[in-house]
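Visitor:
Below you can see the structure in the form of structure tokens.
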């Protein structure tokens, strides 16, 4: 990895790519350029996207992943270091929150019908806005 990519690691690249694709796709769903996914399928679709992004990044950065796995250090140190970078921290929080919400929605869908559609994509965009504001506020407080 060269340039900016040299400063980040495999999970961070996955989070940044997933966040970018998901935000662009959510905008497309909200404005009507793409058909919003309905019900539990919306959440399965998001988790499938995360799996695809993870696989694509793994294909292109196999050597870097091996190197990262050998020298990764503690998970807490990695998490804290990633959160300290505004874009990487935002992407990490967005990905973790989205994936957790999707798993919860899929589990709940076994008992109750879950909504998808445009509201789900508005929720993702709102989540992105809130996390961006929180990351900005954290950065401003440290100065």
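Residue numbers (this note's numbering): 17 to 159. Virtual Cβ for every residue (Gly too), placed ideally from N, Cα, C.
Alpha carbon to alpha carbon, what distance is there between residue 129 and residue 71?
Guide: Residue numbering aside, residue 71 sits at position 55 when the chain shown is read from its first letter. Residue numbering aside, residue 129 sits at position 113 when the chain shown is read from its first letter. Distance between the alpha carbons of residue 71 and residue 129 is about 30 Å.
Visitor: Please identify the residue among 123, 113, 81 and 127 whose C-alpha is closest to the C-alpha of residue 160.
Guide: The structure shown does not extend to residue 160, since the chain is modelled only from 17 to 159, so the question has no answer here.
Visitor: Could you tell me the distance, in whole angstroms, from the CA atom of residue 55 to the CA atom of residue 145?
Guide: Residue mapping note: residue 55 aligns to position 39 of the chain shown, counting from 1. Residue mapping note: residue 145 aligns to position 129 of the chain shown, counting from 1. Roughly 23 Å between the two C-alpha positions.
Visitor: Using the beta-carbon count (16 or more within 10 Å), is residue 75 buried or exposed?
Guide: Mapped onto the chain shown, residue 75 falls at position 59. Flag for residue 75 reads exposed.
Visitor: Is the number of C-beta pairs between the region 25–43 and the region 111–120 that are closer than 8 Å three or more?
Guide: Yes, the region 25–43 touches the region 111–120.
Visitor: Does DSSP put residue 129 in a helix, a strand or coil?
Guide: The residue you call residue 129 lines up with position 113 of the chain shown. Coil, per DSSP.
Visitor: By the 10 Å Cβ neighbour count, where 16 or more other Cβ atoms means buried, how is residue 105 classified, buried or exposed?
Guide: Along the chain shown, one-based indexing puts residue 105 at 89. Burial call: buried.
Visitor: Whole angstroms is fine: what's the gap from residue 97's alpha carbon to residue 25's?
Guide: As a working mapping, residue 97 is identified with position 81 in the chain shown. As a working mapping, residue 25 is identified with position 9 in the chain shown. Near 11 Å, if we compare the C-alpha coordinates of residue 25 and residue 97.
Visitor: Got a sec, what are the start and stop residues for the alpha helix (DSSP H) residue 80 sits in?
Guide: Indexing the chain shown from 1 puts residue 80 at position 64. Residues 78–86.
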